[in-house]
Ligand code: GDD
Ligand code: MG
């Protein structure tokens, strides 16, 4: 089975992390995000994954290479962003698409039963089958009501107000190549959600009701939520064992005298000074936190340095290489750009 993973969005909602690292390979619980997705795909018989990249594509290839756990990885790289369906057309025109394939949004962590989705696709004789999952708040998703036979009634991408169902597009499609040939024009950006699916309604577009764990990691809140869920084992994964505070400490970390946890992640080669607290927070590789600091529900990207006695408050995200001066405060929900210096007495919002 072949899968094409859409991994070329700019990840604007995850800035400042995505200024320097493409969303697909941002570390989640200490591993490049996409490795969770590739493990899941492999578990459902996928032996070849096409990674559709645009923005910062070299970064994705540098991290993942050409083989992952016995799976072949191919890269299809856009010069200009082609949206969600345009990249599949590009892969077709490059001659690498199988007759039937899976298409995945590259920012979803889940354990949906893709094998069952493929079986349903075959049963109904669909041209395209969408995995649909129930969520409480549908506002940032594509809402998809279906008829009793599973055929899609309408595709409503990000609509406000009353919705006919809480089932949304989970970003996992079984797709016949012929749909791409027939409905996705070459050479321009094309959206599955706004052009292709609406055109396929009544003409071979089916939904499959998925259940289990599902989260789109593309916002700071959901990135942290996914982290906590992985640490707690709410979603199955091959993570290293957590310590007694439910935290994951990477290799080469120095934390003597510091309080790490609960539910925190330290990447490789981090140091946290004595008297410091790291609480429900994520530190990527090589982060240095001084003595007596407080880091709460925050994300510090690679090589961030936090001076003694500084505080990083809940929901803050600090970009790669930024330096927080001793005693400085990074306010709740602040976004600090990569390589910025935050001075003492400055309470950045
Ligand atoms: N190659 C490429 N090129 N990939 C892209 C591009 C592009 O121009 N634009 C977006 N992508 C990728 C993103 O990297 C992401 O993996 C996927 O396509 C979906 O884009 P998002 O920007 O994350 O969309 P969304 O989360 O707002 O909405 C989509 O996902 C929801 C589920 O999480 C839609 O498919 C909704 O219908 C769906 O409910
Ligand atoms: Mg998304």
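Numbering (the working numbering), first residue to last: 901 to 1249.
The beta-carbon is built from N, C-alpha and C at its ideal position, and this holds for glycine as well.
- Under the three-pair Cβ rule at 8 Å, the stretch 1178-1196 counts as touching the stretch 1146-1165.
- Between the alpha carbons of residue 1112 and residue 1243 lies a gap of roughly 45 Å.
- In this structure, residue 1207 sits near residue 1190, with a CB-CB distance shorter than 8 Å.
- Counting only the Cα atoms, residue 1070 lies some 15 Å from residue 903.
- Residue 917 and residue 930 have their C-alpha atoms roughly 14 Å apart.
- If you ignore the 5 residues before and after residue 1157, its C-beta comes within less than 7 Å of the C-beta of 1174 and 1175, all in its own chain and listed in chain order.
- Annotated three-state conformation of residue 1238 is coil, per DSSP.
- A check of alpha carbon separations from residue 1149 across 1129, 1136, 1172 and 1011 identifies 1172 as the nearest.
- Ordered along the chain, residues surrounding ligand 2 are 1007, 1116 and 1118 [Cβ under 5 Å from any heavy atom].
- Looking at the DSSP output, residue 947 bridges to nothing.
- Assigned with DSSP and collapsed to three states, residue 934 falls in helix.
- CA-to-CA, the gap between residue 1085 and residue 987 works out to about 11 Å.
- In this model, residue 1058 and residue 1204 are separated by some 35 Å (Cα to Cα).
- Of the candidates 1098, 911, 1238 and 1230, 1230 places its Cα closest to the Cα of residue 1193.
- Nearest Cα to residue 1046 within the set 1216, 969, 1030 and 1099: 1030.
- Straight-line measurement puts the Cα of residue 992 at about 24 Å from the Cα of residue 962.
- Here residue 978 has 908, 954, 987 and 990 as same chain residues with Cβ atoms under 7 Å from its own Cβ, once five neighbours each way along the sequence are excluded.
- Inter-residue distance for residue 1225 and residue 970 is about 45 Å (C-alpha atoms, whole angstroms).
- Contact fails between the stretch 1096-1109 and the stretch 1121-1136, because fewer than three Cβ pairs, one in each stretch, are under 8 Å apart.
- Taking the Cα of residue 1213 as reference, the smallest distance to any Cα among 1234, 944 and 1082 is reached at 1234.
- Within the model, the alpha-carbon separation for residue 1105 versus residue 1155 is close to 53 Å.
- Within the same chain, Cβ atoms closer than 8 Å to the Cβ of residue 1077 are found at 992, 997, 998, 999, 1000 and 1001, the five residues on either side in sequence being excluded.
- Taking residue 1187 as the centre and dropping the five residues before and after it, the same chain places the C-beta of 1170, 1200 and 1204 closer than 6 Å to its C-beta, in chain order.
- Spanning the alpha carbons of residue 1227 and residue 1221 requires a straight line of approximately 18 Å.
- In this structure, residue 946 sits near residue 901, with a CB-CB distance shorter than 8 Å.
- Cβ contact annotation for residue 1093 (same chain, cutoff 6 Å, sequence separation greater than five): 1042 and 1057, in chain order.
- Residue environment: residue 967 is assigned as exposed (fewer than 16 neighbouring CB atoms within 10 Å of its CB, all protein chains considered).
- Not a single heavy atom of ligand 1 lies less than 7 Å from the C-beta of residue 994.
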